[in-house]
Amino acid sequence: MKLTFSIDNLDHFMKRTFVVTVLILGIACMGYTQNGRYSLPLKHGACRIGVRTDEYMQRWRSYGLGQFIHWGVYSIPGGSWKGNAYTGAAEWIRSWNKMGKEEYDQLYKQFNPVNFDPETWARQALEMGVKYLIFTTKHHDGFCLWPSKYTDYTIAHTPYKKNILRELIDAYTAEGIDIYFYFSIIDWKHPGYRSGIPETEEQKAKYEEFKIYTRNQLIELLDSFLEVKGFWFDGSWDKA
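Just add 33 to the spot in the sequence shown (first one is 1) and you have this note's numbering.
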């Protein structure tokens, strides 16, 4: 489930979000009968202890409220294109048959969030009680919100130019909020990426190049942002 809201109603949203979040967490972790409530063990989720009891996992389980923010080139069309509404998740619009891939791949030239204010974001998050943030480094389209040296398809080649990941991690860390990086294993922009098993020798060679590219970017993120607490990987359902 995704929740979309207007920035104009943010204060109202924040007050209601906390109440709704508490209710959702309560429902997820317990059941109810006519005579009261009872514990309901879950197979997955924060209520399940699992096999890991190390310090990092204990930290993760103790957070409580967190933010999960998707932001990238797909924010420009915002779920519609040339008067047509896309009914899927907005970040998947490049895969839509009414959205030309070549057109989408040029949208980064318009990406210029001049009103981006990470300090305000972080301050509002702290007021909401947020303990951690998961933020997109790159989504399936392959566009990088940091100036990766392994591709030109990055924030450095937009009108904005500034390193959004650095701005964000500095602001949130200053407020005592931990940051985790979302990273898509899928990369539609890379010529070596495949969703299926490589069959020909050429496909296999290109896929090996893609794997090296992915590894290099992950190491680059770790080296560039020592404050990051972990990664949230997406796209692992592909056969390759």
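Even for Gly, the Cβ is constructed at its ideal location relative to N, Cα and C.
- Residues H103, Y107, H172 of the same chain have their beta carbon placed closer than 6 Å to that of E124, with the five preceding and five following residues left out of the count.
- DSSP places S217 in the uninterrupted beta strand (DSSP E) bounded by 211-217.
- By the Cβ criterion, the segment 156-175 is not in contact with the segment 235-249, since fewer than three pairs of Cβ atoms, one from each stretch, lie closer than 8 Å.
- For Q91, the uninterrupted alpha helix (DSSP H) segment begins and ends at 88-95.
- The beta carbons of P146 and Y193 sit closer together than 7 Å.
- Assigned with DSSP and collapsed to three states, A118 falls in strand.
- The alpha-carbon of M132 is positioned some 30 Å away from that of I245.
- Taking a 10 Å sphere around the C-beta of A118, we find fewer than 16 other C-beta atoms and assign the residue as exposed.
- As the crow flies, the alpha-carbon of K222 is around 34 Å from that of L98.
- In the structure shown, the three-state DSSP call for S128 is helix.
- For the pair D211 and K262, the CB atoms are nearer than the 7 Å cut-off.
- Just so you know, the alpha carbons of R248 and G121 end up roughly 30 Å apart.
- For the pair G268 and I218, the CB atoms are nearer than the 7 Å cut-off.
- A residue is called buried when at least 16 other Cβ atoms come within 10 angstroms of its Cβ; W179 meets this threshold and is buried.
- Apart from the 5 residues on each side of it in sequence, G225 sits with its Cβ closer than 6 Å to the Cβ of K239, Y240, E242, F243 in its chain, given in chain order.
- Straight through space, the alpha carbons of F149 and E232 are spaced by roughly 44 Å.
- Between the alpha carbons of R85 and R92 lies a gap of roughly 11 Å.
- Annotation: E253 to G162 spans about 31 Å, alpha carbon to alpha carbon.
- At the C-beta level, R127 and D174 come within 7 Å of one another.
- Beta-bridge annotation (DSSP): D267 is paired with S217.
- Contact between A155 and E200 does not hold, since their C-beta atoms are separated by about 10 Å, which reaches or exceeds 8 Å.
- DSSP places Y186 in the coil class of the three-state scheme, outside both helix and strand.
- About 19 Å separates the beta carbons of F176 and Y213, which is beyond the 8 Å limit, so they are not a contact pair.
- Using a Cβ distance threshold of 7 Å, L198 and Q100 do not count as a contacting pair.
- A Cβ-Cβ separation of about 5 Å places Y215 in contact with W265 under the 8 Å criterion.
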